[in-house]
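K.L.:
Residue numbers for the sequence shown follow the numbering used here, so the first one is 314 and each next one is one higher.
The structure that follows is given in the form of structure tokens.
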Amino acid sequence: MYAAFRSIGAYVPEKILTNEDLAKMVDTTDEWITKRTGIKERHIAAENETTSDMGVKAAALAIERSGIDKSEIDLVVCATISPDYLCMPSTATVITDKLGIGNVMSFDISAACTGFIYALNVAKAFVESGIKKNVLIIGAERLSKITDYTDRGTCILFGDGAGAAIISATEDKSEAIVDIHTGSDGSYAELLMTPNGGSGSAHDSLSAEAAGAFMQMKGNETFKVAVRTLTNDVKEILATNNVSSESIKHFVPHQANYRIIKAVGDALDMKDEQVVLTVAKFGNTSGASIPMAINDIYESGRLQAGEMMLLDAFGGGLTWGSALVPFSPKK
Ligand code: UT7
Numbered sequence: 314m315y316a317a318f319r320s321i322g323a324y325v326p327e328k329i330l331t332n333e334d335l336a337k338m339v340d341t342t343d344e345w346i347t348k349r350t351g352i353k354e355r356h357i358a359a360e361n362e363t364t365s366d367m368g369v370k371a372a373a374l375a376i377e378r379s380g381i382d383k384s385e386i387d388l389v390v391c392a393t394i395s396p397d398y399l400c401m402p403s404t405a406t407v408i409t410d411k412l413g414i415g416n417v418m419s420f421d422i423s424a425a426c427t428g429f430i431y432a433l434n435v436a437k438a439f440v441e442s443g444i445k446k447n448v449l450i451i452g453a454e455r456l457s458k459i460t461d462y463t464d465r466g467t468c469i470l471f472g473d474g475a476g477a478a479i480i481s482a483t484e485d486k487s488e489a490i491v492d493i494h495t496g497s498d499g500s501y502a503e504l505l506m507t508p509n510g511g512s513g514s515a516h517d518s519l520s521a522e523a524a525g526a527f528m529q530m531k532g533n534e535t536f537k538v539a540v541r542t543l544t545n546d547v548k549e550i551l552a553t554n555n556v557s558s559e560s561i562k563h564f565v566p567h568q569a570n571y572r573i574i575k576a577v578g579d580a581l582d583m584k585d586e587q588v589v590l591t592v593a594k595f596g597n598t599s600g601a602s603i604p605m606a607i608n609d610i611y612e613s614g615r616l617q618a619g620e621m622m623l624l625d626a627f628g629g630g631l632t633w634g635s636a637l638v639p640f641s642p643k644k
């Protein structure tokens, strides 16, 4: 049995936070943000809109476009670092309930910006082993809840949104996800973290906890590791599978920073038309960024059946991953 990437869906909240808006909140300018990151605006969830609410909307589209009924879904995995609830229930379980999917295995993955590729890897493994047939994977983030809007080094980067995909069993090898590589190195944990909560917290009271609830990042060091790791990761997956970069129709990198994407794209000899870019309009939406970018090329008619996508992500942990994925809607 093989695993096919059947469909994609995404949801972007209505409210827009522009660079000009941020310049009124912290000591920054549209010019600096544009030059250093390529970001012009990001979307922010409504006051009462949760990560699961956004995940549900993206998932409903992915299910509708997959041609399967929601009753056929037998596993739901949600990649998020901004879950509805810190410990339990998982956001995947909340989404499963809101969609009315019923009694299935559901759980979250915490792998930051690499989360969607980790979820894809889990879905592939469950499907190929014959344990599950139709897996709903979601990347959903309400990062605005864990962003410190007094820290200009991070608040200019992040936005909210969600993306989802259906991964189904197939016997047709030409439809199959080719390969996925994933890795992590916890020795870099302090480069990008939310130090609150959990048994590792340095705080001994909930009020002190709150101060550490926001994301903290050593941006410049993270940037350098990101470029190196993303480039090596892609070179490795292409070489292992004997695939040339020219045969990739859509290179879909995690949308963290235009300069990171450009540096990696150049190192891999990717042409501009191969590289999918949504960072200017969505900012960095962590685990949601790759499925939102795939949905962008799908909805604009650029993604056609059978075309090969190369996904590449990097994030807090540190974690990383790459995947060679043909788009294989149900025939
Ligand atoms: O998504 C998962 C992983 N995350 C990433 O991949 C993000 C990786 N990092 C980045 O994207 C970049 O490092 C940033 C966009 C966060 C920062 O860009 P940078 O070119 O690495 O800048 P920097 O941190 O080296 O800072 C350069 C200068 C500093 O001033 P001094 O010390 O040179 O006077 C900063 O204080 O820019 C200053 N700075 C700002 N200035 C205006 C930092 N943030 C801002 C800002 N506006 N928003």
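Beta carbons are placed, not taken as given, at the ideal position from N, Cα and C, and that holds for glycine.
1) How many angstroms separate the CA atom of Ile-329 from the CA atom of Ser-395?
2) Rounded to the nearest angstrom, how far is the Cβ of His-356 from that of Gly-474, given a contact under 8 Å?
3) Nearest CA to the CA of Val-448: which residue from Lys-383, Gly-619, Gln-617?
4) Does Ser-635 come out as helix, strand or coil in the three-state DSSP assignment?
5) Looking only at C-alpha atoms, which of Leu-388, Thr-393, Ala-436, Gly-380 sits nearest to Ser-365?
6) Can you find the residues in the same chain that come closer than 7 Å, C-beta to C-beta, to Gly-578, ignoring five residues on each side of it along the sequence?
7) Below 7 Å between beta carbons: does that hold for Met-558 and Leu-581?
8) Scan the region 472 to 521 and note each continuous beta strand (DSSP E) run of 3 residues or more that stays entirely inside, going in chain order.
9) Assuming Arg-319 is part of the beta strand (DSSP E), what are its boundary residues?
10) Mind listing, in chain order, the continuous alpha helix (DSSP H) runs of no fewer than 4 residues lying wholly within the region 582 to 616?
11) Using alpha carbons as the reference points, say which of Ala-425, Glu-488, Gly-443 lies closest to Ser-506.
12) Does the ligand UT7 have a heavy atom nearer than 6 Å to the CB of Phe-471?
13) Could you tell me whether the region 528 to 538 touches the region 496 to 515, where touching means 3 or more Cβ pairs closer than 8 Å?
14) Of all the CB atoms in chain B, is at least one closer than 7 Å to the CB of Glu-441?
15) Can you name the start and end residues of the alpha helix (DSSP H) that Lys-575 belongs to?
16) Is it buried or exposed for Met-338, if we count other Cβ within 10 angstroms and need 16 for buried?
17) Report the CB separation of Lys-437 from Ala-316 in whole angstroms; it is logged as a contact under 8 Å.
18) Would you check if the distance between the CB atom of Ile-459 and the CB atom of Val-390 is smaller than 7 Å?
19) May I have a chain-ordered list of the beta strand (DSSP E) segments no shorter than 3 residues that lie completely inside the region 360 to 442?
20) Return the first residue and the last residue of the beta strand (DSSP E) that Gly-532 is part of.
21) Quick check: does the Cβ of Gly-413 come within less than 6 Å of any heavy atom belonging to the ligand UT7?
22) Would a C-beta distance cut-off of 7 Å place Glu-646 and Thr-598 closer than the cut-off?
23) Between Ala-569 and the ligand UT7, is the CB less than 6 Å from at least one heavy atom?
24) Below 8 Å, how does it come out for the region 478 to 485 and the region 612 to 620: are there three or more Cβ pairs, yes or no?
25) Could you tell me which uninterrupted alpha helix (DSSP H) segments, each at least 4 residues in length, are contained entirely in the region 333 to 362, listed from first to last along the chain?
26) Taking the alpha-carbon positions, what's the Gly-351 to Tyr-431 distance?
27) Helix, strand or coil, according to DSSP, for Ile-444 in the structure here?
28) Out of Tyr-398, Lys-353, Glu-360, Pro-326, state which residue places its alpha-carbon closest to the alpha-carbon of Ala-593.
P.N.:
In brief:
1) Straight across, the Cα-Cα distance linking Ile-329 with Ser-395 is about 19 Å.
2) Going by Cβ atoms, the distance from His-356 to Gly-474 rounds to 6 Å, so yes, they are a contact pair.
3) Nearest C-alpha to Val-448: Lys-383.
4) Of the three classes helix, strand and coil, the one that applies to Ser-635 here is strand, per DSSP.
5) For Ser-365, the closest C-alpha among the options Leu-388, Thr-393, Ala-436, Gly-380 is that of Thr-393.
6) Only Phe-564, Val-588 meet the Cβ criterion.
7) Per the sequence presented here, residue 558 reads as Ser, with Met not at that position. When the beta-carbon positions are compared, Ser-558 and Leu-581 come within less than 7 Å of each other.
8) Listed in chain order, the beta strand (DSSP E) elements of length 3 or more contained wholly in the region 472 to 521 are 473 to 483, 492 to 497.
9) Bounds of the beta strand (DSSP E) holding Arg-319 are 315 to 324.
10) Those alpha helix (DSSP H) runs which fall completely within the region 582 to 616 and span 4+ residues are 592 to 595, 602 to 612.
11) Position check: residue 506 holds Met in this sequence, whereas Ser was assumed. Closest option to Met-506, Cα to Cα, is Ala-425.
12) No, the Cβ of Phe-471 stays beyond 6 Å of every heavy atom of the ligand UT7.
13) At 8 Å Cβ cutoff, the stretches touch.
14) The structure shown contains no chain B, having only a single protein chain.
15) Note, Lys-575: alpha helix (DSSP H), 571 to 580.
16) The residue in question, Met-338, is exposed, as its Cβ has fewer than 16 Cβ neighbours within 10 Å.
17) Indeed they touch by this definition, with Cβ atoms about 4 Å apart.
18) No, these two residues do not count as a Cβ contact at 7 Å.
19) Listed in chain order, the complete beta strand (DSSP E) runs (minimum 3 residues) inside the region 360 to 442 are 388 to 392, 418 to 422.
20) Segment 532 to 553 is the alpha helix (DSSP H) holding Gly-532; no beta strand (DSSP E) there.
21) Within the chosen limit of 6 Å, the ligand UT7 does not reach the beta carbon of Gly-413 with any heavy atom.
22) Within the shown structure, residues of the chain are numbered from 314 to 644, placing residue 646 beyond reach of any answer.
23) Yes, the beta carbon of Ala-569 sits closer than 6 Å to at least one heavy atom of the ligand UT7.
24) Cβ pair count under 8 Å is below three, so no.
25) 343 to 350, all fully within the region 333 to 362.
26) C-alpha separation (whole angstroms): 26 Å.
27) Residue state, collapsed to three classes: coil.
28) Checking every option, the nearest Cα to that of Ala-593 belongs to Lys-353.
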